[in-house]
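Going down the list, the protein sequences come from chains A and B.
If you want our numbering, it's the 1-based position in the first sequence plus 56.
If you want our numbering, it's the 1-based position in the second sequence plus 56.
There are 2 protein chains.
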Amino acid sequence: MTTKEKVLNAAYRCFSKKGYFGTTTREIAHSAGVSEVTLFRLFGSKKELFREVLLNYSVIPDIRSISVPEGSGREVLEEIGRKIYSSLREKKEFLKILLSEVTGLTEEMQEVYSHFTQTLEALLENVFSSLLSLPEVEIPLKVKVFGSALFGFFISEEIFQGREPPQHEVNAFIETLSRFIYGG
Amino acid sequence: MTTKEKVLNAAYRCFSKKGYFGTTTREIAHSAGVSEVTLFRLFGSKKELFREVLLNYSVIPDIRSISVPEGSGREVLEEIGRKIYSSLREKKEFLKILLSEVTGLTEEMQEVYSHFTQTLEALLENVFSSLLSLPEVEIPLKVKVFGSALFGFFISEEIFQGREPPQHEVNAFIETLSRFIYGG
DNA sequence: CCTGTATGTAAGCGGTTACTTACACAACAT
DNA sequence: ATGTTGTGTAAGTAACCGCTTACATACAGG
Chain A
57 MTTKEKVLNA AYRCFSKKGY FGTTTREIAH SAGVSEVTLF RLFGSKKELF
107 REVLLNYSVI PDIRSISVPE GSGREVLEEI GRKIYSSLRE KKEFLKILLS
157 EVTGLTEEMQ EVYSHFTQTL EALLENVFSS LLSLPEVEIP LKVKVFGSAL
207 FGFFISEEIF QGREPPQHEV NAFIETLSRF IYGG
Chain B
57 MTTKEKVLNA AYRCFSKKGY FGTTTREIAH SAGVSEVTLF RLFGSKKELF
107 REVLLNYSVI PDIRSISVPE GSGREVLEEI GRKIYSSLRE KKEFLKILLS
157 EVTGLTEEMQ EVYSHFTQTL EALLENVFSS LLSLPEVEIP LKVKVFGSAL
207 FGFFISEEIF QGREPPQHEV NAFIETLSRF IYGG
């Protein structure tokens, strides 16, 4: 691991534990095992380091790379749901950082939020339109219900309550949700 | 409005715009039109002021005071959904503060999060059990799906994307969600 | 008129923060 | 051997933060 990667990783952990203003550059440097001077030589400023952390650990590529499995039926929907949820969990620290910056609302952050929402909805639209033979006018609503429920469940359980529900509990939620939306 | 209320209100606005660490006591005092000394005389410390803001502007009492209307059927579910959503919107700044503090996770905040989740789920459990004659084992899952979808939709639209969807859009979402869960 | 209560102004204190400068050292490539 | 590159240490800067002290002022009640 290069020095730059060490610092990025330490910053990722610190920002997710204390937020941007709550984290000091001393802290990051010490946590990375490098000197503070090195940090500034590599990244120029705290803000720039923060930007690079967001780029490096974003959940967006993970969601974008989710492939829609062949087949039709509720199982496909459930599988996508599980994949999305496990992506969110894998990048939980990134999402914590995102949530911790909802105050402030710089255009830069606003763009990250929109990008995230759009990526998630694009994936789901893809799934639903390849899956259902229904009046298409319903698809956007199904997308919103499915995406919102998944996202809301994740935030409520994993972030607000700080627990990681066992797999069968997550699966039960996703199965129920899929059944409601897909029917059957 | 008493001086204390002026300070509380200013602090509420500042914290929701910049988060706890991003807000300075000078800023709050100036925004309230009082001197910084007065702020410290009234609240003792920044942390104590923050606590009082959370108590004073919490959305929890709003949710707790939502009454379950008489009648049965999907309309009741929709009505509850609309009431919850409008409570969330009315206390959007409070929820922003909550989200901005997910990093850190002091026991104090943890308790607020749990309390919020529990209050919401208690209300919904009340609604579902008075509404449906279904196998009760399904109720907790319905509660989670309904609550998560509502909450996720709110965060995604109002907080992440910073928009206030027009009433008919919110209603359409809630109507669809209720139909999926209640059937019919 | 006096006294208590609430607020303001001015000044500052000790600590912290992001960031910089100057210099030394080690590894490595030419 | 020499120069380049990457890192460390030491020291410090200017600004800012939460919070305090000391003192003045305004006003209401008895």
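Just so you know, even glycine gets a beta-carbon here, dropped at the ideal spot from N, CA and C.
Just so it is clear, the structure is predicted and the values come from calculations on it, not from any experiment.
Cβ-based contacts, 7 Å cut-off: residues of the stretch 74-85 of chain B near chain A:
Lys-74, Gly-75, Phe-77, Gly-78
Please tell me whether Ile-136 of chain A and Ser-72 of chain A are closer than 8 Å, where the distance is taken between their beta carbons.
no
Buried versus exposed call for Ala-178 of chain A [16 or more other C-beta atoms within 10 Å across all chains shown]:
exposed
Looking only at C-alpha atoms, which of A:Ser-114, A:Phe-209, A:Val-63 sits nearest to Leu-95 of chain A?
A:Val-63
Report the CB separation of Ile-230 of chain A from Glu-134 of chain A in whole angstroms; it is logged as a contact under 8 Å.
5 Å
Can the beta-carbon of Arg-107 of chain A be found less than 8 Å from the beta-carbon of Ser-87 of chain A?
no
Run of the alpha helix (DSSP H) containing Thr-162 of chain B, from where it starts to where it stops
Run containing Thr-162 of chain B: none; DSSP gives neither H nor E here.
Distance, Ser-143 of chain B Cα to Ala-228 of chain A Cα:
29 Å
Residue ranges of each alpha helix (DSSP H) within the stretch 146-221 of chain A, 4 or longer:
148-156, 163-187, 195-210
Please tell me whether Gly-129 of chain A has its Cβ less than 8 Å away from any Cβ of chain B.
no
CB contact below 8 Å: Thr-162 of chain B versus chain A:
no
What residues of chain B sit near Lys-1 of chain A, judged by a beta carbon separation below 7 Å?
Because chain A here runs from 57 to 240, residue 1 of chain A falls outside it and cannot be looked at.
Environment of Lys-198 of chain B [buried if 16+ CB atoms lie within 10 Å]
buried
For Thr-58 of chain B, which three-state DSSP category applies?
coil
Indicate whether Lys-148 of chain B and Glu-214 of chain B have their beta-carbon atoms separated by less than 8 Å.
Going by beta carbons, Lys-148 of chain B and Glu-214 of chain B fall inside the 8 Å limit.
By the 8 Å beta-carbon criterion, what residues does the stretch 137-161 of chain B contribute toward chain A?
Listed by position along the chain: Lys-152, Ile-153, Leu-155, Ser-156, Glu-157, Val-158, Thr-159, Gly-160, Leu-161.
State whether the stretch 104-119 of chain A contacts the stretch 168-182 of chain A, with contact taken as three or more CB pairs (one from each stretch) at a distance under 8 Å.
As far as the Cβ criterion goes, the stretch 104-119 of chain A touches the stretch 168-182 of chain A, which means the pair count is three or higher.
Smallest Cα separation from Ser-204 of chain B: which of B:Leu-233, B:Leu-155, B:Ala-66?
B:Leu-233
According to DSSP, is Ser-114 of chain A part of a helix, a strand, or is it coil?
coil
Since Phe-236 of chain B meets chain A, which of its residues come closer than 7 Å, beta carbon to beta carbon?
Val-201, Phe-236, Ile-237
When the cut-off is 8 Å and only beta carbons count, does Phe-96 of chain B lie next to chain A?
no
Between which two residues does the alpha helix (DSSP H) containing Thr-94 of chain A stretch?
92-99
Mapping DSSP to helix, strand and coil, what is Val-124 of chain B?
coil
Residue-chain proximity (Gln-223 of chain A, chain B), Cβ-Cβ < 8 Å
No, no contact with chain B.
For a cutoff of 8 Å on Cβ pairs, would you count Thr-232 of chain A as touching chain B?
The C-beta of Thr-232 of chain A comes closer than 8 Å to at least one C-beta of chain B.
Note down the Cα distance separating Val-158 of chain B from Phe-216 of chain A, rounded to an integer number of angstroms.
Going from the Cα of Val-158 of chain B to the Cα of Phe-216 of chain A covers about 7 Å.
Quick one: what does DSSP say Gly-137 of chain A is sitting in, helix, strand or coil?
Correct three-state label for Gly-137 of chain A: helix.
Roughly how many whole angstroms lie between the Cα atoms of Glu-167 of chain A and Gln-166 of chain B?
29 Å
Cutoff 8 Å: Phe-216 of chain B Cβ touching any chain A Cβ:
yes
For Val-109 of chain B, is the classification buried or exposed, using 16 other Cβ atoms within 10 angstroms of its Cβ as the cut-off for buried?
buried
Tell whether a beta-carbon distance below 8 Å holds between Ile-237 of chain A and Ile-211 of chain B.
no
Just how far apart, CA to CA, sit Gly-89 of chain B and Lys-103 of chain B?
20 Å
Anyone know if the C-beta pair for Phe-150 of chain B and Gly-75 of chain A falls short of 8 Å?
no
Enumerate in chain order the residues of its own chain whose CB-to-CB distance from Ser-128 of chain B is below 7 Å, with the five nearest sequence positions on each side excluded.
Hits under 7 Å: Leu-187.
Along chain B, in chain order, which residues have C-beta atoms closer than 8 Å to that of Ser-170 of chain A?
Phe-216, Gln-217
Could you work out which residues of chain A lie near Ser-204 of chain B, taking near to mean beta carbons separated by less than 9 Å?
Ser-204, Ala-205, Leu-206, Phe-207, Gly-208, Phe-209, Phe-210, Ile-211, Ser-212, Glu-213, Phe-229, Leu-233
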